[in-house]
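Peer 1: In the numbering used here, the protein residues as written are 11 to 225.
The beta-carbon is built from N, C-alpha and C at its ideal position, and this holds for glycine as well.
Owing to the predicted nature of the structure, the values given are computational and were not obtained by experimental measurement.
#1: Rounded to whole angstroms, what is the Cα-Cα separation between residue 166 and residue 109?
#2: Work out the CA separation of residue 59 and residue 182 for me, nearest whole Å.
#3: Can you find the residues in the same chain that come closer than 6 angstroms, C-beta to C-beta, to residue 175, ignoring five residues on each side of it along the sequence?
#4: Starting from the C-beta of residue 70, find all residues in its chain whose C-beta is less than 8 angstroms away, skip the five residues before and the five after it, and write them out in chain order.
#5: Using DSSP's beta-bridge definition, name the partner residues of residue 25.
#6: Alpha carbon to alpha carbon, how far is residue 111 from residue 187?
#7: Quick check on residue 217: does DSSP put it in helix, strand or coil?
#8: Mapping the DSSP letters down to three states, classify residue 166 as helix, strand or coil.
#9: Can you tell me whether residue 141 is buried or exposed, with buried defined as 16 or more other CB within 10 angstroms of its CB?
#10: Grab me the residues of residue 32's own chain with a C-beta within less than 6 angstroms of its C-beta, minus the 5 sequence neighbours each way, in chain order.
#11: Please identify the residue among 100, 101, 115 whose C-alpha is closest to the C-alpha of residue 107.
#12: Express the C-alpha separation of residue 86 and residue 144 in angstroms, rounding to a whole number.
#13: Could you compute how far the alpha carbon of residue 1 sits from the alpha carbon of residue 81?
#14: So, at 8 angstroms on beta carbons, what are the nonlocal neighbours of residue 90 in its own chain, with the 5 sequence-adjacent residues on each side left out?
#15: Answer yes or no: the CB of residue 212 versus the heavy atoms of the ligand GDP, is any distance below 7 angstroms?
#16: Should residue 122 and residue 138 be called a contact, given that it needs their Cβ atoms to be closer than 8 angstroms?
#17: For a test of the three-state rule: what should DSSP assign to residue 140, helix, strand or coil?
#18: I'd like the span of the beta strand (DSSP E) that includes residue 64, first residue to last.
#19: Return the Cβ separation of residue 179 and residue 88 in integer angstroms, given the expectation that the two are a contact with Cβ distance under 8 angstroms.
#20: Could you tell me which of 67, 97, 57 sits nearest to residue 78, measuring between CA atoms?
#21: When DSSP builds the beta bridges, which residues end up paired with residue 173?
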């Protein structure tokens with residue numbers, strides 16, 4: 011079971027969202043010794059109940075980690091929805107940047123080739139991929155000029171890039187269209203990820219409305 015840690019008071023209880031049971035755990039806010047002590051007791055109680063993963067407010071993720079409770083990292087659902095977002099993009103020149111080849115990188119390349127005339131590939135060992143895309147889609151390399159869209163799969167974005175790698179949530183935040191039936195919990199990216207992994211929310215229900223860079 012995954013825990014859902016929220017700011018508030020009261021007892022822990024189990025809530026069911028789309029048929030998935032989550033252990034809701036309210037914790038007090040603040041950095042005073044009493045609030046920290048109460049949060050420590052709650053995290054210890056979660057650990058004793060066998061909880062290993064939790065949706066935790068970012069400001070308390072480090073405290074939870076001290077009890078070997080890992081915060082849910084939602085990057086896979088961001089990547090899934092982001093790759094679907096590429097299907098609707100159109101233009102002349104796109105660029106793809108990644109530290110290595112992966113199925114997600116190849117999927118992004120295919121999506122870009124369906125909407126752009128040229129694709130600039132910046133991937134170590136990506137020559138075979140570029141040649142395969144040329145043969146399959148007739149999409150050539152990189153003419154001079156700035157790309158209308160750049161997709162990156164690792165590291166800090168260089169300018170206005172779309173980040174879809176494992177570290178994408180460090181650099182950008184996404185706003186999703188409302189998904190029905192998530193009550194009594196508020197919609198969030200980590201919650202969507204947990205429900206998607208459980209099969210309770212389908213991929214086509216998760217739609218990114220906008221992505222912006224974090225300060």
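Peer 2: The relevant details are as follows:
#1: 12 angstroms
#2: 34 angstroms
#3: 163, 164
#4: 15, 37, 49
#5: 32
#6: 30 angstroms
#7: coil
#8: coil
#9: exposed
#10: 12, 14, 25
#11: 115
#12: 28 angstroms
#13: Here the chain has residues from 11 to 225 only, and residue 1 is not among them.
#14: 206, 213, 216
#15: Only the bare structure without any ligand can be found here, which leaves the ligand GDP out of the picture.
#16: no
#17: helix
#18: 63-65
#19: 6 angstroms
#20: 57
#21: 162
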